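Here the sequence shown stands for residues 0 to 193, where the numbers follow numbering that gives the first Met the number 0.
Positions of the beta carbon are idealized from the N, C-alpha and C atoms, including for glycine.
Quick caveat, the model's predicted, so the values are computed rather than measured.
Everything on this sheet refers to the single structure shown next.
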Amino acid sequence: MASKNQLQTVLKENYGINKNVTQSLSLEDCEKLLVLLSNYPSAEKLVESFVEKNNELSQNNRFYGQRRSQAEKRLEQLQAEHQQTQKSIAELEQANKELQNRKGTLSVEQQQLESQIDQLSTKNQSLSSKIQTLTTKNDELIEANDQLKRDNRELKNIVDQIRLRLARDTKMLLQYEDSELRKAMIRLFRWTLG
């Protein structure tokens with residue numbers, strides 16, 4: 000008597016029935032199936048049709064299994080890309096937020112600098128006005144100084160003329176005999192000569 004495994008092998012080799020199909024059958028069921036298939040050609044045709052359909056389904060299962068595996072891999076890739084995209088979006092949003100903050104800071108700094116420029120411009124105008132005033136006063140002082148120099152020269156000439164005249168007059172007075180008068184004139188003469 001043949002074992003169940005041997006009967007399954009015969010069913011596989013002669014009729015194309017996979018062992019996984021006959022695995023749930025008992026030894027007696029396997030024997031009855033062999034008798035049925037060998038005695039009834041229509042049963043054999045039916046089994047062949049089932050086997051073909053089973054092969055088609057197996058191929059379809061393999062095909063769809065591969066497609067499913069590819070789809071799962073693609074889904075994982077898409078999920079990874081999605082996560083990376085979400086991370087990039089978050090980083091870009093953070094960078095944008097920082098740029099907006101920096102823009103605000105720069106705007107405040109720009110306003111402060113513009114205010115300082117305005118203040119410096121006002122000071123510059125004030126200093127320019129003061130420089131013009133000082134230049135005018137300096138020109139006036141130079142003119143006054145030149146006038147004072149001219150006046151001093153004229154005064155010196157006048158003083159020199161007075162001294163000369165005084166010296167001449169004193170010399171004439173000294174020719175007189177009176178000694179007291181002479182002494183007073185000498186003192187006066189010394190005093191005027193400095």
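Would DSSP call isoleucine 16 helix, strand or coil? coil
By how many angstroms is the C-alpha of alanine 1 removed from the C-alpha of leucine 32? Near 14 Å, if we compare the C-alpha coordinates of alanine 1 and leucine 32.
How many Å lie between phenylalanine 188 and threonine 169 at the Cα? 7 Å
Buried or exposed for glutamine 111, please, with buried defined as at least 16 other CB atoms from any protein chain shown within 10 angstroms of its CB. Counting Cβ neighbours within 10 Å, glutamine 111 comes out exposed, since fewer than 16 surround it.
Any C-beta of chain C under 8 Å from that of lysine 129: In the structure shown, chain C cannot be found, because there is only a single protein chain.
Would you call the CB atoms of leucine 6 and cysteine 29 closer than 8 Å? yes
First through last residue of the alpha helix (DSSP H) which encompasses leucine 253: The structure shown has nothing for residue 253, since the chain only spans 0 to 193.
Does the beta-carbon of methionine 171 have 16 or more other beta-carbons within 10 angstroms, so that it is buried, or is it exposed? exposed
Under 8 Å, do leucine 163 and threonine 191 count as touching if we go by C-beta distance? No.
Would you kindly work out how many angstroms separate the C-alpha atoms of isoleucine 130 and leucine 140, rounded to a whole number? 15 Å
Below 8 Å on the Cβ atoms is my contact criterion, and I expect asparagine 17 with lysine 11 to pass it. Report the Cβ-Cβ distance as a whole number of Å. 6 Å
Three-state class that DSSP yields for serine 23 in the structure shown: coil
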